[in-house]
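So in full-length UniProt numbering, spot 100 of the sequence shown is number 100, and the numbers just go up one at a time. Everything below concerns the one structure shown next.
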Amino acid sequence: MDDTSSSEIEAARPVDGESDDCDFGDSGSEVISTVFLDAEENRSVVLSTLAVTCEDENWLPTDVRQESEDGSSLLEGDPNLDGLSMVSDASSLCGDNVLGFKGNSEIGIPFVKVDRSVSDVEVISNTTTLGDPSVSTFSSDSLSVAVGIGEEIVDGSSSRSSTDVVPLETGLNGRPTRSIFEVSYVPLWGFTSMRGGRPDMEDAVSIIPNFMRIPLQMLVDRPPDGLTSHVTHLMGHFFGVFDGHGGSQVANYCRDRVHSALAEEMEIISTNLNDGNRNRDELWTRAFTKCFHKVDDEIEGKGGLQPVAKETVGSTAIVALVCTSHIIVANCGDSRAVLCRGREAIALSVDHKPNREDEYARIEAAGFRVIEWGGHRVSGVLAMSRSIGDQYLKPPVIADPEVMVIPRSREDECLILGSDGLWDVMSNEEACDCARRSLPLWYRNNAAAVPSERGEGVDPASQAVAEALTNCALQRGSRDNISVIVLDLKHRRRIRSRP
């Protein structure tokens, strides 16, 4: 992307280095993007599945692949649940009104080569638990899931996890109308992160399954009726894309630090969840805002710390915290998160551009100008109105994220996080259409090779979608760094095998 201009503006000081965001010279540094994989003692998490029928209260293990009567395969993944007060199919969001992606029936990926060597991976083994310590009686990789009566949910659970069924409200027929149980769950994901047509790699990616156990009060405005003290959390999984400019230092620092800063703020908030002064959305906005500000202050060198980078280096941040019932997205900059729900593409973030009406007004009110110089730029330099870092352009460029909390639906197909190397050449609808085509295509071509236990590291189907999106961006002429994370949110896929 071309987010900064090389023009000499009074408000902007000259810098060294060349990037999409800050084009001021040449730099020969080599940067490797790192992905965090959460696995205890370098061991991958192995998932099996659990079939649940609330009416008879039987818990029956099933294989990941089930053959239906018509010969098609049922592939199990993420058990997104619906039909509850916590989960709703309805959404007030709408997708972009753009043309759909016209793809070929066969999707090739000749240009993409993703290096996932051991030297590029750092393992984070600990899971953060917030709230009542009594929940520690469950296994460290468990989560709380609510199930509506009469629904059959096929879930991925670890053979190491415990199961605790807690009956809640009792209906007129004497049977509980809702149950809550503990099972292990890791979403299916894949990623790409490549330098593309740029001389340096300034993107960074962070993926941390089993990141933290989220208190239910952070997901619902009021706890479900009859909820016992034994089940109070849902497991959250962390995904982030950070698109640096002016250098890679800030993006790399965000990759290494944002998740732990968020855990720190969540720990503080969790101690005051019963004060009744804030609703769910306010709690999440407060947590992410304090998290991003803390990281921004550390990068600047406040509190006696050593500055992380020059004041002209910055980064975007698009972060998603995914659990069984909700998706929480925090955005600062022009990276983007898009949810593919049914045939609709739903933007879970809005790009922070200087020509956005509210952002333009805020910048002008701060006494700065938005100048047209190869695009709308703050003081003619930066092509985004919010970022982490970029100390030389404060106060108009702020690190305040916009946060969106959305209930999950059975119509959810996948979640796409990407840097603007993808979104500059593909619309939301085109990306979702490509993903919807790529997932079933991969399963049709690889049905016999689907492992019996899924959720062990990178999911091959999600990985194929990330690579297809990256390849499409390259074919469309993207010359930027391209980073893409794809999460397969569909808990069951019916795939017809080729004769």
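Quick reminder that beta carbons are idealized off the backbone N, C-alpha and C, glycines included.
What's the C-alpha gap between residue i and residue j?
i: Gly367; j: His376; result: 16 Å
i: Ile207; j: Val486; result: 11 Å
i: Trp373; j: Ser325; result: 44 Å
i: Lys290; j: Ala431; result: 32 Å
i: Pro209; j: Asn279; result: 26 Å
i: Met201; j: Leu469; result: 18 Å
i: Lys394; j: Val258; result: 20 Å
i: Val397; j: Glu357; result: 15 Å
i: Leu283; j: Leu234; result: 16 Å
i: Leu415; j: Phe191; result: 12 Å
i: Val186; j: His237; result: 8 Å
i: Phe242; j: Leu422; result: 13 Å
i: Pro328; j: Pro407; result: Contrary to the premise, residue 328 reads as Ile rather than Pro in this sequence. Computed Cα separation, rounded: 9 Å.
i: Phe239; j: Ala461; result: 18 Å
i: Arg362; j: Arg437; result: 41 Å
i: Leu439; j: Glu364; result: 45 Å
i: Asn218; j: Glu413; result: The sequence given here places Met at residue 218; Asn does not occur at that position. In a straight line, the C-alpha of Met218 is about 24 Å away from that of Glu413.
i: Lys490; j: Asp433; result: 15 Å
i: Arg198; j: Ser483; result: 13 Å
i: Val296; j: Val308; result: Residue 296 is actually Asp in this sequence, not Val. Taking the straight line joining both Cα atoms gives about 10 Å.
i: Gly389; j: Val370; result: 19 Å
i: Ala320; j: Cys472; result: 23 Å
i: Asp281; j: His293; result: 18 Å
i: Ser409; j: Thr285; result: 22 Å
i: His245; j: Cys323; result: 31 Å
i: Phe211; j: Asn272; result: 21 Å
i: Leu339; j: Asn331; result: 14 Å
i: Val450; j: Ala435; result: 18 Å
i: Arg255; j: Asp203; result: 9 Å
i: Gln391; j: Lys310; result: 8 Å
i: Val381; j: Pro354; result: 11 Å
i: Ser478; j: Val425; result: 6 Å
i: Glu467; j: Ser193; result: 9 Å
i: Tyr360; j: Thr232; result: 42 Å
i: Glu344; j: Ala447; result: 26 Å
Is residue i helix, strand or coil by DSSP?
i: Ala347; result: strand
i: Trp373; result: coil
i: Val220; result: coil
i: Asp200; result: coil
i: Asp243; result: strand
i: residue 549; result: Within the shown structure, residues of the chain are numbered from 1 to 499, placing residue 549 beyond reach of any answer.
i: Asn331; result: strand
i: Thr324; result: coil
i: Asn252; result: helix
i: Phe191; result: strand
i: Glu298; result: helix
i: Ser270; result: helix
i: Phe292; result: helix
i: Glu311; result: coil
i: Val205; result: strand
i: Val258; result: helix
i: Ala365; result: helix
i: Leu305; result: coil
i: Arg341; result: strand
i: Ala317; result: strand
i: Arg213; result: strand
i: Arg356; result: coil
i: Ser85; result: Low local confidence applies: a pLDDT of 28 at Ser85 is under 50, so the model's placement there is unreliable, with the coordinate-based value given in what follows. Coil, per DSSP.
Counting C-beta neighbours from all protein chains within 10 Å, is the total for residue i 16 or more, i.e. buried, or is it exposed?
i: Gln475; result: exposed
i: Ile268; result: exposed
i: Ser134; result: Model confidence at Ser134 stands at a pLDDT of 31, short of 50, so the residue's coordinates are unreliable and nothing is read from them.
i: Asn445; result: exposed
i: Leu262; result: buried
i: Gly303; result: exposed
i: Asn428; result: buried
i: Leu305; result: exposed
i: Arg336; result: buried
i: Arg386; result: buried
i: Ser73; result: Residue placement at Ser73 cannot be trusted, given a pLDDT of 43 that sits under 50; what the coordinates show is reported in the next sentence. The residue in question, Ser73, is buried, as its Cβ has 16 or more Cβ neighbours within 10 Å.
i: Arg213; result: buried
i: Asn274; result: exposed
i: Ser48; result: Low confidence applies to Ser48: its pLDDT is 26, below 50, so where it sits in the model is not reliable, and the reading given next is rough at best. So Ser48 counts as buried.
Requested in this report: Write down every uninterrupted run of the beta strand (DSSP E) in the segment 407-481 whose length is 3 residues or greater and which is fully enclosed by it, in chain order.
Outcome: Fully enclosed beta strand (DSSP E) runs of 3 or longer: 412-418.
Query raised in the report: Would you call the segment 395-409 and the segment 334-354 in contact, with 3 or more CB pairs under 8 Å?
Result: Because the criterion of three Cβ pairs below 8 Å is met, the segment 395-409 and the segment 334-354 touch.
Query raised in the report: Quick one: any contact between the segment 232-252 and the segment 305-322, if contact means 3 or more CB pairs under 8 Å?
Result: In the pairwise beta carbon analysis, the segment 232-252 is classified as touching the segment 305-322: at least three pairs are separated by under 8 Å.
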